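All remarks here apply to the structure that follows.
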Amino acid sequence: MKKHKLRNLILIFITILAVNLLTACQNNAKKVTIVGSSAMQLLAEQAGNDYRLSHPDSNIVVQGGGSGTGLSQVQAGAVQIGTSDVFAQTQKGIDAKKLKDYLIAVVGIVPIVNKDVGIKNLSQVQLAQIFTGKVTNWKQLGGKNIPITVINRSKGSGTRSTFESLILKNQKPIKAQEQDSNGTVRRIVSSTPGAISYISFPYASDKNIQKLSIDHIAPTNKNITTNRWQLWSYEHMYTKGKPNAATKSFIDYMLASKVQKDLVPKLGYLSINDMKIYRNSKNQVVSLSKE
Amino acid sequence: MDNKEDLKKVVDQALAEQKVPHVKLKKIGAQKADVDKLTQPSKETRQEYWGKGLTYSAILLIIILVASIIGFIAVHGLATFTQNHVNVWHFLSSTDWDPGEGKNHVGALAMIVTSFAVTLLAAIVATPFAISVALFMTEYSSKKGSRFLQSVIELLVGIPSVVYGFLGLSIIVPFIRSVFGGTGFGILSATLVLFVMVLPTITSLTVDALKAVPNHYRQASAALGATHWQTIYKVVLRVATPRILTAVIFGMARAFGEALAVQMVIGNAVLMPYNLVSPAATLTSQLTSQMGNTVMGTLPNNALWSLALLLLIMALFFNFLVRLIGRKGQK
Numbered sequence: 045m046k047k048h049k050l051r052n053l054i055l056i057f058i059t060i061l062a063v064n065l066l067t068a069c070q071n072n073a074k075k076v077t078i079v080g081s082s083a084m085q086l087l088a089e090q091a092g093n094d095y096r097l098s099h100p101d102s103n104i105v106v107q108g109g110g111s112g113t114g115l116s117q118v119q120a121g122a123v124q125i126g127t128s129d130v131f132a133q134t135q136k137g138i139d140a141k142k143l144k145d146y147l148i149a150v151v152g153i154v155p156i157v158n159k160d161v162g163i164k165n166l167s168q169v170q171l172a173q174i175f176t177g178k179v180t181n182w183k184q185l186g187g188k189n190i191p192i193t194v195i196n197r198s199k200g201s202g203t204r205s206t207f208e209s210l211i212l213k214n215q216k217p218i219k220a221q222e223q224d225s226n227g228t229v230r231r232i233v234s235s236t237p238g239a240i241s242y243i244s245f246p247y248a249s250d251k252n253i254q255k256l257s258i259d260h261i262a263p264t265n266k267n268i269t270t271n272r273w274q275l276w277s278y279e280h281m282y283t284k285g286k287p288n289a290a291t292k293s294f295i296d297y298m299l300a301s302k303v304q305k306d307l308v309p310k311l312g313y314l315s316i317n318d319m320k321i322y323r324n325s326k327n328q329v330v331s332l333s334k335e
Numbered sequence: 017m018d019n020k021e022d023l024k025k026v027v028d029q030a031l032a033e034q035k036v037p038h039v040k041l042k043k044i045g046a047q048k049a050d051v052d053k054l055t056q057p058s059k060e061t062r063q064e065y066w067g068k069g070l071t072y073s074a075i076l077l078i079i080i081l082v083a084s085i086i087g088f089i090a091v092h093g094l095a096t097f098t099q100n101h102v103n104v105w106h107f108l109s110s111t112d113w114d115p116g117e118g119k120n121h122v123g124a125l126a127m128i129v130t131s132f133a134v135t136l137l138a139a140i141v142a143t144p145f146a147i148s149v150a151l152f153m154t155e156y157s158s159k160k161g162s163r164f165l166q167s168v169i170e171l172l173v174g175i176p177s178v179v180y181g182f183l184g185l186s187i188i189v190p191f192i193r194s195v196f197g198g199t200g201f202g203i204l205s206a207t208l209v210l211f212v213m214v215l216p217t218i219t220s221l222t223v224d225a226l227k228a229v230p231n232h233y234r235q236a237s238a239a240l241g242a243t244h245w246q247t248i249y250k251v252v253l254r255v256a257t258p259r260i261l262t263a264v265i266f267g268m269a270r271a272f273g274e275a276l277a278v279q280m281v282i283g284n285a286v287l288m289p290y291n292l293v294s295p296a297a298t299l300t301s302q303l304t305s306q307m308g309n310t311v312m313g314t315l316p317n318n319a320l321w322s323l324a325l326l327l328l329i330m331a332l333f334f335n336f337l338v339r340l341i342g343r344k345g346q347k
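Protein chains in written order, with the working numbering: chain A, 45 to 335; chain B, 17 to 347.
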């Protein structure tokens with residue numbers, strides 16, 4: 045009897061595997077896998093949940109992994125949608141011509157410092173001096189006598205690429221400690237005297253951190269729409285060439301008013317429809333108001 | 017045909033000579049004995065084949081798996097040197113880590129030094145504690161107490177590394193910050209987290225080492241008039257030394273390979289560590305924090321594979337060390 049049990053178990057196991065494989069193949073046509081930036085992961089996941097209610101036969105799978113992973117996976121054809129915080133053109137090893145870009149949302153980035161520093165505004169040049177290591181004490185910038193502790197974001201992350209291209213203008217940043225999540229950065233800055241870093245808008249609400257204005261322009265959503273506040277980035281969805289029907293349908297859903305007016309602001313992002321300007325991968329700005 | 021006749025003869029003979037009746041043959045009857053069936057492999061033989069085949073195919077699968085993992089890491093790790101033409105010596109001796117900038121900025125020395133520093137420090141801090149706990153469990157405590165301690169240690173092994181990292185981030189880092197200033201991230205925090213993580217590994221292996229010391233050594237020592245403590249440090253520890261060293265190396269291997277918990281508390285700055293509380297980065301922490309941001313096939317990605325290759329080589333080296341010490345211990 046025992047022997048039969050074992051054999052039966054193995055048989056059942058193999059059957060389950062086979063059935064799974066078969067169903068997986070059937071679903072493949074409608075399966076949309078989204079991989080990439082962690083900022084987009086949250087948005088796509090929540091949108092995917094709502095999408096499933098109206099499209100019961102859809103199969104949306106959302107994964108993180110980072111912008112680089114998203115771009116290389118979609119280029120390799122391993123996933124249907126690759127998400128990224130940066131333009132594909134700025135990534136080495138990615139052939140942007142093969143990818144189709146969909147701008148989904150906009151997110152602002154704001155420099156933050158510890159409350160004790162006593163500074164509320166810096167010029168762009170001063171910020172660059174801090175992050176290139178030319179200024180090392182807050183005293184030199186009119187603050188208290190506290191040494192500056194720079195907290196960087198992970199090399200190659202979307203937030204850092206945006207910050208460095210817009211603020212440092214391609215000067216070489218100093219090597220400092222790196223943290224890869226907004227939450228950790230906020231915690232460190234709020235508890236470390238003299239710390240400075242930068243995080244995305246949705247995370248910048250903490251009593252112990254001070255958001256900085258740059259050149260006396262306040263970090264608000266309204267200022268982003270006109271590019272007065274320049275420190276922001278697009279959230280992209282990339283497909284390889286023309287997307288298939290299921291993929292296209294989901295991207296359309298992301299761009300429709302339900303997601304754009306409801307979910308996007310709820311998560312602290314800006315709707316792509318609110319933007320009055322367009323900024324290309326080389327940071328050249330075009331006004332959209334004439335259209 | 018001859019063969020069949022022969023076999024029938026043998027069967028008949030066996031039936032005639034049997035002292036204990038052969039159940040199967042009796043049931044079938046000598047006349048009806050189906051020679052074809054009897055000459056075929058029996059059910060038991062087929063089971064034998066089945067069992068053998070199962071184990072062999074499992075082994076084959078594992079071998080293929082191991083070989084392909086090593087092959088994959090080697091191919092990608094070596095691409096840094098073959099395709100991107102990074103100088104191997106430069107890779108090992110430069111502290112300038114910025115692979116996005118080109119092939120002259122791929123130096124892993126800072127991470128190698130940090131990895132070894134946290135590993136060695138964690139082992140140095142943990143070993144005395146581990147040996148003391150193991151001695152208590154084998155020499156002093158009652159059976160009940162030692163069983164209780166054993167389960168506590170097993171519990172410590174079972175806690176996921178991310179939980180250790182989280183505890184380190186919420187308790188150790190702020191503590192270091194308030195005592196030494198700075199951000200609190202650095203080698204010291206990593207060492208303290210790793211200390212808790214490798215302690216159970218070293219302890220349980222040391223317990224095994226001490227238990228393996230034959231009891232008559234202790235009795236002989238006692239008979240010579242040695243006290244319990246004298247017996248421990250003059251006899252038991254000396255005999256168990258090779259296996260205790262093995263335990264320490266296993267602990268170091270764990271510390272060297274730990275990624276997540278270390279990444280959370282070390283600060284991830286690829287800088288040559290100049291003191292214990294300045295942020296640094298280990299090979300593993302750099303891998304985990306960077307892998308999502310690089311594009312497959314580019315230099316930054318290949319450079320990460322080279323770090324992985326380095327970790328693999330170190331793992332082999334630790335294994336080799338364990339073997340070497342084990343062989344010396346046997347002599």
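Glycine is no exception: its CB is placed at the ideal position from the N, C-alpha and C atoms. Model, not experiment: these values are computed from the prediction.
Contact between S128 (chain A) and G108 (chain A) is absent: CB atoms are separated by about 12 Å, not below the 8 Å threshold. For P191 (chain A), the beta-bridge partners assigned by DSSP are A:N181.
Under the 10 Å beta carbon count, F272 (chain B) is surrounded by 16 or more other beta carbons and is classified as buried. M288 (chain B): not part of any alpha helix (DSSP H); DSSP gives it neither H nor E. The beta carbon of E89 (chain A) sits no closer than 7 Å to any beta carbon of chain B. At least 7 Å separates the CB of K144 (chain A) from every CB of chain B. Selection A:I268, A:W273 and A:P246 evaluated against D259 (chain A) yields A:W273 as nearest (Cα-Cα). For K68 (chain B), the enclosing alpha helix (DSSP H) starts and ends at K59 to T98. Around Q170 (chain A), no beta-carbon contact reaches into chain B at under 8 Å, the shortest distance being about 22 Å. A direct Cα-to-Cα measurement between S186 (chain B) and R254 (chain B) gives close to 41 Å. Judged by DSSP in its simplified three-state form, E222 (chain A) adopts strand. Selection B:V189, B:V214 and B:V104 evaluated against A124 (chain B) yields B:V104 as nearest (Cα-Cα).
When rounded, the separation of the alpha-carbon atoms in Q306 (chain B) and A242 (chain B) is 58 Å. Fully contained in the segment 258-311 of chain A are the following alpha helix (DSSP H) runs of length 4 or more, in chain order: 265-269 and 289-299.
Under the three-state reduction of DSSP, Q235 (chain B) is assigned to helix. Comparing alpha-carbon positions, the option among A:S98, A:N158, A:I316 and A:T134 lying closest to G200 (chain A) turns out to be A:T134.
For N317 (chain A), the closest C-alpha among the options A:V329, A:N324, A:L185 and A:S301 is that of A:S301. Boundaries around L125 (chain B) are those of the alpha helix (DSSP H), L125 to L151, since no beta strand (DSSP E) includes it. Positions of the beta strand (DSSP E) runs, each at least 3 residues long and wholly inside the segment 101-144 of chain A, are given as 103-109 and 125-128 in order along the chain. Interface criterion not met: the Cβ of Q215 (chain A) is under 7 Å from no Cβ in chain B.
Bounds of the beta strand (DSSP E) holding K255 (chain A) are I253 to K255. Counting every other CB atom within 10 Å of its CB across the protein chains shown gives K219 (chain A) a total of 16 or more, marking it as buried.
Apart from the 5 residues on each side of it in sequence, Q223 (chain A) sits with its Cβ closer than 8 Å to the Cβ of I195, N196, R197, S198, V229, I232 and S241 in its chain, given in chain order. DSSP, reduced to helix, strand and coil, places A83 (chain A) within a helical segment of the structure shown. At a cut-off of 3 residues, not a single continuous stretch assigned as beta strand (DSSP E) sits fully inside the segment 183-255 of chain B. Annotation: A275 (chain B) is outside any beta strand (DSSP E) and is labelled neither H nor E by DSSP. Inclusion of A150 (chain B) and V223 (chain B) in the CB contact set at 7 Å is warranted, their separation being smaller than that value. If the five residues before and after L327 (chain B) are omitted, its C-beta is found closer than 6 Å to the C-beta atoms of L299, all from its own chain and listed in chain order. The contact set of E222 (chain A) on chain B, defined by CB atoms closer than 7 Å, consists of N284, A285 and S305 in chain order. C-alpha of V178 (chain B) to C-alpha of A277 (chain B): approximately 5 Å in a straight line. The segment 182-202 of chain B makes no contact with the segment 101-115 of chain B: fewer than 3 CB pairs, one atom from each, lie closer than 8 Å. For the pair of segments examined, the segment 255-267 of chain B was found not to touch the segment 280-289 of chain B: the number of CB pairs separated by less than 8 Å stays below three. With a threshold of 16 other beta carbon atoms within 10 Å, A225 (chain B) meets it and is buried. The bridge partners DSSP lists for N165 (chain A) are A:S257.
One finds V311 and T314 in chain B with Cβ atoms closer than 7 Å to the Cβ of K136 (chain A), taken in chain order. Counting C-beta atoms within 10 angstroms of its own C-beta, Y313 (chain A) has 16 or more neighbours from the protein chains shown and is therefore classed as buried.
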